[in-house]
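Structure record follows, encoded as structure tokens.
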Ligand code: NDP
Ligand code: GDR
């Protein structure tokens, strides 16, 4: 039975990836931080077969302990402070967790594996946010990185540290440069879920409007359930490498609003959406659209769920959740 250690187990991707790995017969260990983490119950309910180990990406000794207990064949480093807007207000903490946390996890793998570093395969959750200021469209593995947020800068550090451990120690370490991926499990702070939840509540008469920031930014949005398959595929390759994972289609926040409101029968949402300058970011990433041809050719991966279907899935989930009392 292969063994996997997943950091960020309480997050959107941690849950989908755990389900995928358990379905493939893995023994799965999940790193969970904090004393009495409020999301522990959700993990226990959703993936009861996962063994939870206490640890924090900022605490190397806890990572070494987790490695000793899990003794994994594969490590998926999904843990991070992942909300871009928050990263300006908490830049040092974001750097510690999202950036240096990767170094800590790589060191824990290296020290645990002693000289035999290829024994443990490592996945790093890199991000399209690393592309930042538009240099090339669509963005691919070779596109110049120009991050526009403390989060993006921290991810670039983690990305290059992963490559460095591959080149320095022969570690089987891969980075997935994943574009935005969403689902009904997406945190409510992110724009897709904020919109799907608000649209459901407006349709049910529970709120009057939703307040957003920049409506013109464009994102390449896919379904998280599809994207965790790409993570797993990367670690099954003979040689470690880096891959863009994206749909190749881009949509604005306005288009997201069009699809979400249309699903509840509202064609003109202009009176239901407010804009607040406080929600604009100090520096914005205007346009993301990825070229995933390398993942398609080498991993045989392609996304299944399209944008419209994804948005409708999220609104339907939120309608059901709100009807049941939120
Ligand atoms: P979430 O925000 O849903 O989950 C983040 C996870 O990181 C949570 O489980 C959180 O645990 C954990 N975490 C936070 N701080 C620490 C810490 N100090 N030590 C250990 N764990 C910690 O993110 P997603 O599931 O959406 O994303 C997974 C990864 O992929 C992240 O690294 C993200 O940056 C990256 N990514 C995500 C994309 C997306 O569109 N979803 C796209 C590209 C990259 P806790 O319950 O303790 O808060
Ligand atoms: P992003 O996702 O920053 O791309 O990072 P988010 O959903 O937060 O923002 C997407 C775009 O929507 C605009 N926007 C708003 N965003 C939020 N959250 N709330 C609003 O009210 C709002 N109004 C407009 C933003 O300005 C932005 O342009 C996500 C995270 O999952 C990262 O961890 C991951 O690395 C990247 O995707 C790829």
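Residue numbers (our numbering): 6 to 331. By construction, the Cβ of each residue, glycine as well, lies at the ideal position given by its N, Cα and C atoms.
Alpha-carbon spacing of residue i relative to residue j, whole angstroms
| i | j | result |
| --- | --- | --- |
| residue 285 | residue 219 | 6 Å |
| residue 181 | residue 216 | 32 Å |
| residue 243 | residue 290 | 34 Å |
| residue 16 | residue 240 | 20 Å |
| residue 234 | residue 80 | 15 Å |
| residue 248 | residue 183 | 8 Å |
| residue 204 | residue 265 | 7 Å |
| residue 303 | residue 124 | 22 Å |
| residue 49 | residue 20 | 10 Å |
| residue 275 | residue 208 | 15 Å |
| residue 156 | residue 190 | 21 Å |
| residue 316 | residue 267 | 11 Å |
| residue 95 | residue 150 | 22 Å |
| residue 29 | residue 109 | 28 Å |
| residue 126 | residue 54 | 22 Å |
| residue 23 | residue 86 | 19 Å |
| residue 75 | residue 113 | 12 Å |
| residue 263 | residue 142 | 24 Å |
| residue 307 | residue 199 | 27 Å |
| residue 99 | residue 158 | 10 Å |
Residue i in three-state terms, based on DSSP
| i | result |
| --- | --- |
| residue 129 | strand |
| residue 82 | strand |
| residue 327 | helix |
| residue 209 | coil |
| residue 251 | coil |
| residue 312 | helix |
| residue 275 | coil |
| residue 99 | helix |
| residue 195 | coil |
| residue 144 | strand |
| residue 56 | strand |
| residue 159 | helix |
| residue 5 | Given that the chain is displayed from residue 6 to residue 331, the structure contains no residue 5 and the question cannot be resolved. |
| residue 63 | coil |
| residue 290 | coil |
| residue 33 | strand |
| residue 171 | helix |
| residue 188 | coil |
| residue 241 | coil |
| residue 106 | helix |
| residue 269 | coil |
| residue 124 | helix |
Of the residues the options, the one placed nearest residue i, counting alpha carbons only
| i | options | result |
| --- | --- | --- |
| residue 322 | 206, 82, 305 and 124 | 206 |
| residue 165 | 10, 111 and 73 | 111 |
| residue 41 | 51, 308 and 59 | 59 |
| residue 25 | 195, 236 and 331 | 236 |
| residue 121 | 61, 171, 96 and 86 | 171 |
| residue 288 | 35, 57, 92 and 52 | 92 |
| residue 299 | 253, 127 and 108 | 253 |
| residue 137 | 13, 74, 130 and 160 | 160 |
| residue 154 | 90, 194 and 18 | 90 |
| residue 197 | 39, 65 and 320 | 320 |
| residue 261 | 212, 312, 282 and 269 | 312 |
| residue 7 | 13, 103 and 33 | 33 |
| residue 128 | 118, 143, 78 and 135 | 78 |
| residue 258 | 318, 185, 301 and 143 | 185 |
| residue 52 | 88, 14 and 65 | 14 |
| residue 144 | 270, 314, 306 and 250 | 250 |
| residue 62 | 44, 46 and 82 | 82 |
| residue 222 | 139, 31 and 179 | 139 |
| residue 174 | 10, 272, 118 and 146 | 118 |
Status (buried if at least 16 other CB within 10 Å, exposed otherwise) for residue i
| i | result |
| --- | --- |
| residue 5 | No statement about residue 5 is possible, as the shown extent of the chain runs from 6 to 331 and does not include it. |
| residue 177 | buried |
| residue 192 | exposed |
| residue 227 | buried |
| residue 280 | exposed |
| residue 229 | buried |
| residue 293 | buried |
| residue 328 | exposed |
| residue 225 | buried |
| residue 297 | buried |
| residue 116 | exposed |
| residue 56 | exposed |
| residue 131 | buried |
| residue 147 | exposed |
| residue 18 | buried |
| residue 256 | buried |
| residue 152 | buried |
Chain D contact for residue i (CB, 9 Å cutoff)
| i | result |
| --- | --- |
| residue 203 | Looking at the structure shown, chain D is missing, and only one protein chain is on hand. |
Anticipated Cβ contact below 8 Å, residue i with residue j, distance rounded
| i | j | result |
| --- | --- | --- |
| residue 278 | residue 201 | Not quite, the Cβ-Cβ distance comes to about 14 Å (not below 8 Å), so this is no contact. |
| residue 36 | residue 106 | Rounded, the Cβ-Cβ distance is 11 Å, inconsistent with contact. |
| residue 162 | residue 210 | Not quite, the Cβ-Cβ distance comes to about 47 Å (not below 8 Å), so this is no contact. |
| residue 245 | residue 179 | 4 Å |
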